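For reference, the structure discussed in these notes is given below.
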Amino acid sequence: MINYMMPDYEVVRDKELCIKCKVCVRQCANNVHVYDEKRDVLYADSSKCVNCHRCVTLCPARALKIVKTDHCFKPSANYTEDIIKDIYRQADTGGVLLSSMGTPKSYPVYWDKMLVNASQVTNPSIDPLREPMEIKTFLGKKPESIRYREDGSIETEKYPDLELKVPIMFSAMSYGSISGNAHIALARAAEALGTFYNTGEGGLREDLYRYGANTIVQVASGRFGVHPAYLNAGAAIEIKIGQGAKPGIGGHLPGSKIGPEVSRTRMIPVGTDAISPAPHHDIYSIEDLRQLVIGLKEATDYKKPVIVKIAAVHNVAAIASGIARSGADIIAIDGFRGGTGAAPTRIRDNVGIPIELALAAVDTRLREEGIRSAVGLVVGGSVRSSADVVKAIALGADAVYIATPALLAMGCHLCRSCHSGRCNWGIATQDPELVKRLNPDVAAARLVNLVSAWSHEIKEMMGGMGINSIEALRGNRLMLRGVGLTQKELDILGIKHAGE
Ligand code: SF4
Ligand code: SF4
1 MINYMMPDYE VVRDKELCIK CKVCVRQCAN NVHVYDEKRD VLYADSSKCV NCHRCVTLCP
61 ARALKIVKTD HCFKPSANYT EDIIKDIYRQ ADTGGVLLSS MGTPKSYPVY WDKMLVNASQ
121 VTNPSIDPLR EPMEIKTFLG KKPESIRYRE DGSIETEKYP DLELKVPIMF SAMSYGSISG
181 NAHIALARAA EALGTFYNTG EGGLREDLYR YGANTIVQVA SGRFGVHPAY LNAGAAIEIK
241 IGQGAKPGIG GHLPGSKIGP EVSRTRMIPV GTDAISPAPH HDIYSIEDLR QLVIGLKEAT
301 DYKKPVIVKI AAVHNVAAIA SGIARSGADI IAIDGFRGGT GAAPTRIRDN VGIPIELALA
361 AVDTRLREEG IRSAVGLVVG GSVRSSADVV KAIALGADAV YIATPALLAM GCHLCRSCHS
421 GRCNWGIATQ DPELVKRLNP DVAAARLVNL VSAWSHEIKE MMGGMGINSI EALRGNRLML
481 RGVGLTQKEL DILGIKHAGE
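Below, the structure is given as structure tokens:
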């Protein structure tokens, strides 16, 4: 049978530099590098290369580089190389194309079309090195007013909420889609930073219960690993309705990733595919959602805030308005450029809307309806830097979720092949030999470094604006100006154009 596929990358080995140590042979889980003992020659099967950089990074002689192949098809703006290769792939397999991580397509990134204000002369800036800057925030329902007793004490009861020392949390990534060592690293970093990580839909390993005060436990349509102890182990419960990278469909973790430990945690047999249905089969309306919210609150003695996570889709503002009335404490919105462990490529690249527009639309609608204080608002799905965090908060978010930057901090090289289960960096894999490659202590320290660095930058930007509290930045869209945006886009974002 003819193989129509051409390799995407080429492995280039500098034979002058190579010392034949065979590190690349041992390190590549995709068996790209081969040593022919008889001929004493190293060669590479480039067709297997996913460009994960493991060999390039660990080669002691710096003898390797991976380049995009210059083999080309006749140029066409219509039938691009990617489209042709996808058609070949589907003609080979007859299957749905699968991908990992966020879409590589060039949809607009609105974060990069918004600029942040700075104080000059009349409203002095604040030096964050010399003056206190508060980036702590509370996530949850806020009372409309505060009632005092005669003795001056506060009578109003506080709703259960989450206290975040930094307005950044680690987004849901399940044990199964990522390794146990990656989960441990996220849990340790969340604890050290005074923030939260999220179990995703895969349950919670017993050895991680001790990080419960910094854990958000998720309840998804498959209900994997959900039981009373699990619900009570975390600081908050998240109902996952949708995910930005694959709105409207369920999840699928292949049986090859369900080893004994994942099986025990998810409460499903070893080696079986973990398929979460597209809808929750008990939710067809806001009233149904309310029943689940109340049910989870009952199960946890009304002590834990309940988050409802949805994907950013066309009518997200109306949906969020309903969720705010469902009794949920926090809404999490996941944008269309967000990452994932595995998603059908066509869904990932074509379904949903950018998080910036979704966030602005939701915050505006909740304010117009007078219910913004009824819920906390978290956004994720392509929050890539501290500047994106500042812009998200100015657009109306209370806090953000990050996942891809967290994976990058742990060593991910964005090769977008998590769905293969052969992650050379020990992150998106359950292969014990590969999992060992990720040292959870080192990964946790790198996560702490990343979020600490972003926190410093957030404080600097706030200081520049003359704002000393993150809560004063929330929804303060006057601090943003658009560049290169249409009037319609500016209207949805609720910001003025630069120069106005
Ligand atoms: S890791 Fe580098 S030096 Fe070692 S065999 Fe491979 S290319 Fe040669
Ligand atoms: S987690 Fe691993 S497999 Fe997934 S994109 Fe990163 S390096 Fe590649």
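Quick note: the sequence shown uses the UniProt record's numbering, first residue 1, plus one each step. All C-beta atoms in this analysis are idealised placements derived from N, C-alpha and C, irrespective of residue type, glycine included. As the structure is a prediction and not an experimental result, all values here were calculated from the model.
Report buried or exposed for His71, applying the criterion of at least 16 other Cβ atoms within 10 angstroms of its Cβ.
-> Here residue 71 corresponds to residue number 71 of the sequence shown, with the count starting at 1. Under this definition His71 is an exposed residue.
Taking C-alpha atoms, which residue in Tyr175, Tyr43, Ile2 and Lys22 lies nearest to residue 541?
-> No information on residue 541 is available, as it lies outside the stretch 1 to 500 that the chain covers here.
How would you write the range of the beta strand (DSSP E) that Val226 sits in, first residue to last?
-> Residue numbering aside, residue 226 sits at position 226 when the sequence shown is read from its first letter. Unbroken run through Val226: none, as it is neither H nor E.
Could you have a look at Gly255 and say whether DSSP puts it in helix, strand or coil?
-> Numbered from 1 along the sequence shown, position 255 holds the residue referred to as residue 255. Helix.
With distances taken from CA atoms, which of Leu493, Leu414 and Val378 is nearest Val50?
-> The residue you call residue 50 lines up with position 50 of the sequence shown. For the residues Leu493, Leu414 and Val378, the minimum Cα distance to Val50 belongs to Leu414.
Over the uninterrupted beta strand (DSSP E) stretch that includes Gly400, give me the two end residues.
-> By 1-based counting over the sequence shown, the position of residue 400 is 400. With the sequence shown as reference, residue 400 is identified as Val, and Gly is not the correct amino acid for it. Per DSSP, Val400 belongs to the beta strand (DSSP E) from Ala399 to Ile402.
Coil, strand or helix - Leu438 by DSSP = Within the sequence shown, numbered from 1, the residue matching residue 438 stands at position 438. It is coil, neither helix nor strand.
Should Gly426 be labelled buried (16 or more other beta-carbon atoms within 10 Å of its own) or exposed?
-> One-based indexing of the sequence shown puts residue 426 at position 426. Classification for Gly426: buried.
How about Pro344 and Val109: are their beta carbons less than 9 Å apart?
-> Locating residue 344 in the sequence shown gives position 344, where the first residue counts as 1. Locating residue 109 in the sequence shown gives position 109, where the first residue counts as 1. The criterion of a C-beta distance shorter than 9 Å is not satisfied by Pro344 and Val109.
Cβ of His413 versus every heavy atom of ligand 2: is any distance shorter than 8 Å?
-> Your numbering for residue 413 matches position 413 in the sequence shown. It does: the Cβ of His413 is within 8 Å (strictly closer) of some heavy atom of ligand 2.
Can you round the beta-carbon distance between Leu434 and Asn424 to whole angstroms, since I take them to be within the 8 Å contact cut?
-> As a position in the sequence shown, residue 434 is number 434, starting the count at 1. As a position in the sequence shown, residue 424 is number 424, starting the count at 1. Yes, Leu434 and Asn424 are in contact; Cβ-Cβ is about 7 Å, under 8 Å.
Pro354 burial status per 10 Å Cβ neighbour count (16 or more: buried) | Translated into positions along the sequence shown, residue 354 becomes position 354. Buried is the call here.
Could you give the distance in angstroms between the alpha-carbon of Arg205 and the alpha-carbon of Glu489?
-> The sequence position of residue 205 within the sequence shown is 205, counting from 1. The sequence position of residue 489 within the sequence shown is 489, counting from 1. Within the model, the alpha-carbon separation for Arg205 versus Glu489 is close to 44 Å.
If we ignore side chains and look at the alpha-carbon of each, how far apart do Phe224 and Ile146 end up?
-> Within the sequence shown, the letter at position 224 stands for residue 224. Within the sequence shown, the letter at position 146 stands for residue 146. Approximately 40 Å, taken between the alpha carbons.
What are the boundary residues of the alpha helix (DSSP H) that includes Ala182?
-> As a first step, residue 182 is located in the sequence shown; it is residue number 182 there, counting from the start. DSSP places Ala182 inside the alpha helix (DSSP H), whose first and last residues are Gly180 to Leu193.
Apart from the five residues just before and just after Arg188, which ones in its own chain have a Cβ nearer than 6 Å to its Cβ?
-> Stepping through the sequence shown from its first residue, residue 188 is reached at position 188. Ala444, listed in sequence order.
Closer than 8 Å: is that where the CB of His419 sits relative to any heavy atom of ligand 1?
-> Within the sequence shown, the letter at position 419 stands for residue 419. No, since every heavy atom of ligand 1 falls outside the 8 Å radius drawn around the Cβ of His419.
Is it the case that the CB of residue 522 approaches a heavy atom of ligand 2 more closely than 8 Å?
-> The structure shown has nothing for residue 522, since the chain only spans 1 to 500.
Neighbourhood of Val67 by C-beta distance below 8 Å, restricted to the same chain and skipping five residues each side = Within the sequence shown, numbered from 1, the residue matching residue 67 stands at position 67. Tyr9, Glu10 and Val12, listed in sequence order.
Proximity test, His456 beta-carbon vs ligand 1 heavy atom, cut-off 8 Å | Counting from 1 along the sequence shown, the entry for residue 456 is found at position 456. His456: no, Cβ never under 8 Å from ligand 1.
Helix, strand or coil: how does DSSP classify Tyr43 here?
-> Locating residue 43 in the sequence shown gives position 43, counting from the first residue. Strand, per DSSP.
Bounding residues of the beta strand (DSSP E) (the contiguous stretch that carries Val217) = The residue labelled residue 217 in the question sits at position 217 within the sequence shown. In the DSSP assignment, Val217 falls within the beta strand (DSSP E) that extends over Thr215 to Val219.
Count the other CB atoms, across all protein chains shown, that sit within 10 Å of the CB of Ala213; report buried if there are 16 or more and exposed otherwise.
-> Residue 213 sits at position 213 when you count from the first residue of the sequence shown. Only exposed fits Ala213, as fewer than 16 other CB atoms lie within 10 angstroms of its CB.
In chain order, what residues of the same chain have a beta carbon less than 7 Å from the beta carbon of Lys113, not counting five sequence neighbours either side?
-> To locate residue 113, count along the sequence shown from 1; it is residue 113. Hits under 7 Å: Gly482, Val483, Gly484 and Leu485.
Rounded Cβ spacing between Gly380 and Ile310 (contact assumed at less than 8 Å) = Locating residue 380 in the sequence shown gives position 380, counting from the first residue. Locating residue 310 in the sequence shown gives position 310, counting from the first residue. Between Ile310 and Gly380 the Cβ distance is about 11 Å, and since that is not below 8 Å, they are no contact.
How far does the alpha helix (DSSP H) with residue 501 in it reach, from first residue to last?
-> There is simply no residue 501 to check, as the chain begins at 1 and stops at 500 in what is shown.
CB His419 to CB Ala342, shorter than 9 Å?
-> Here residue 419 refers to the residue found at position 419 of the sequence shown. Here residue 342 refers to the residue found at position 342 of the sequence shown. Yes, the pair counts as a contact, with Cβ atoms nearer than the cut-off.
Beta-carbon spacing of Ala360, Leu493 below 9 Å | As a first step, residue 360 must be located in the sequence shown, where it is residue number 360. As a first step, residue 493 must be located in the sequence shown, where it is residue number 493. Contact flag set, yes.
Look at the alpha carbon of Cys24 and the alpha carbon of Arg54, and state the distance between them as a whole number of angstroms.
-> As a first step, residue 24 must be located in the sequence shown, where it is residue number 24. As a first step, residue 54 must be located in the sequence shown, where it is residue number 54. Each residue's CA atom was taken as its position, placing Cys24 and Arg54 some 8 Å apart.
Roughly how many whole angstroms lie between the Cα atoms of Glu298 and Gln291?
-> Walking along the sequence shown from the start, residue 298 turns up at place 298. Walking along the sequence shown from the start, residue 291 turns up at place 291. In a straight line, the C-alpha of Glu298 is about 10 Å away from that of Gln291.
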